[in-house]
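This report refers to the structure that appears directly beneath it.
Residue numbers (the numbering used here), protein chains in the order written: chain A, 1 to 283; chain B, 1 to 283.
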């Protein structure tokens, strides 16, 4: 971003019959492509299921001259927005209909038009809740018994993003345990009793790790000359981890320049390939 | 879902220049509207940034007669898919262009067409990583010092979904601490030193909680006649929590019949209102 004066833009309203997270993500992704536009106010209207609610929202939208983005499944409500916005000269981007129509035409099936079908409090939902509790319980090698119960076990030296990766995967429904690799600490024997296909080793570049650890020490108010951030020591740790990963026969992922999401995609693809799972974990 | 024979459908390919999570979510949401179609195979192709990659993907798509869904920002690549799919008779749903074109026309600005602009390893990314570590560190009242550092503090009796809610909010970038409310345990005095606007109390129905706790005891192999799942005891706990929430002057959310996402929306809206924040936490 630069300091050049940016064009102000009108608010964007996101109307959803569910949480509105997907509409928000697409809108944010698109806005990120316009650095010269001043980031506009995004207003999210979740759980909209009646035309009365839409009337109120569009009355405000008219005053603010807002752009309307919708992720609704009910066709009457979508038509209602289409007509209303046309009449008052606002723009409406409907994110659901193109794919829905495409599937309806191809398979001659009508869509349910039942809002929030994805967020029902069903068993997959409870699985996700327990996956997140699992990840907290078995974070940082707290209890080696977690390894045998986990879908995925993440290994890596300090500051290779084991915890956020575990939480991100847990949020998708996977039961994840993680263990810090430290040359001085013996690896729990439980680790050798599970399938190596369930285990992922994280690695990164020594120089990056040294920088990250120095920042961490600084944030804790400690001096940076510690062994923890010493380049030589870090190289030894990474080499030790690398030997262990080889001995275990596990997939190693280099997290250098990868976001949590990117690393998570690699872990998921690997896991799904090995265990032949569909994407239904992900709802 | 019923056992009636379902129509099989062709695979759906999701082509993204980033992780592909948003395309996957929209596709899953749309497919959930077609219960009579056999859930199709969804193949995700993340980090696609070159036409060579697309050629390979579309060659496979042709063999499988797949439906193509894309979330790409590069117009040449989108045009490439459009042309190619038209030529070989496949359908293509482009989720990004409608909103992008709408903004381009309205503000006479060209989009950057820079893939993955949202997932850059920038400061907001590192904030999110540390938010997730924060949530693990200050889960379950482990350390009352967390309350003063947290954006949001979640309170509630056992099994009101404090942990998954905290992890979900952490994944969005909020620093969240949580504390179980137990009549016999004194509430840490740190809680009275922070703004009540940062605190959320969770409550639910006693009967639901009794069922959830009974399942939990069963899953731990314990008998269900424990005090933990006793209806009278649960009512006392909820009343105690309710008094505390009132005394603190905090917002109370009833999580009965709400998914984590739904509760999280309410928490976020409340937090954003109080602290006048935009949605940039959410990227």
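Note that the Cβ used here is the ideal one computed from N, Cα and C, for glycine as well.
| Check | Outcome |
| --- | --- |
| Can you tell me whether residue 145 of chain A is helix, strand or coil according to DSSP? | coil |
| For residue 77 of chain A, which three-state DSSP category applies? | helix |
| If we cut at 8 Å on Cβ distances, does residue 213 of chain A have a partner in chain B? | no |
| Using a Cβ-Cβ cut-off of less than 8 Å, list which residues of the segment 55-72 of chain A approach chain B; keep chain order. | 67, 69 and 71 |
| Hey, would you say the C-beta of residue 91 of chain A is under 7 Å away from at least one heavy atom of the ligand ZN? | Questions concerning the ligand ZN fall outside what the structure shown contains, since it holds no ligand whatsoever. |
| Leaving aside the five residues before and after residue 256 of chain B along the sequence, list all residues of the same chain whose C-beta is less than 7 Å from its C-beta, in chain order. | 204, 205 and 208 |
| Can you have a look at residue 243 of chain A and say buried or exposed, based on whether 16 or more other CB atoms are within 10 angstroms of its CB? | exposed |
| According to DSSP, is residue 17 of chain B helix, strand or coil? | coil |
| Can you tell me whether residue 160 of chain B is helix, strand or coil according to DSSP? | coil |
| Given residue 22 of chain B, which residues of its chain have a CB within under 6 Å of its CB, disregarding the five upstream and five downstream residues? | 71 |
| How should residue 69 of chain B be labelled, buried or exposed, when 16 other C-beta atoms within 10 angstroms of its C-beta is the threshold for buried? | buried |
| Determine the closest residue to residue 78 of chain A out of A:48, A:254, A:272 and A:35, with distance taken between C-alpha atoms. | A:48 |
| Quick check: the Cα distance between residue 210 of chain A and residue 201 of chain A, rounded to an integer number of angstroms? | 19 Å |
| What does residue 210 of chain A reach in chain B if we use C-beta pairs closer than 7 Å? | The contacting residues do not exist; residue 210 of chain A stays about 16 Å from chain B at best. |
| Give the secondary structure of residue 111 of chain B by DSSP, where H, G and I count as helix, E and B as strand, and everything else as coil. | coil |
| Residue 34 of chain B CB to nearest chain A CB: under 8 Å? | yes |
| Under DSSP, the alpha helix (DSSP H) around residue 263 of chain B begins and ends at which residues? | 260-275 |
| Which runs of the beta strand (DSSP E) fall wholly inside the segment 173-223 of chain A and span at least 3 residues, in chain order? | 176-180 and 199-203 |
| Using the Cα positions of residue 6 of chain B and residue 107 of chain A, report the straight-line distance between them to the nearest angstrom. | 11 Å |
| Roughly how far, in whole angstroms, is the beta-carbon of residue 131 of chain B from the beta-carbon of residue 174 of chain B, given that I think they are within contact range, below 8 Å? | 6 Å |
| Spell out whether any CB of chain A is found under 8 Å from the CB atom of residue 206 of chain B. | no |
| Say whether chain A places a C-beta atom closer than 8 Å to the C-beta of residue 164 of chain B. | yes |
| Got a sec? Which residues, its chain only, sit under 7 Å from residue 166 of chain A by beta carbon, not counting five neighbours each side? | 135, 139, 154, 176 and 178 |
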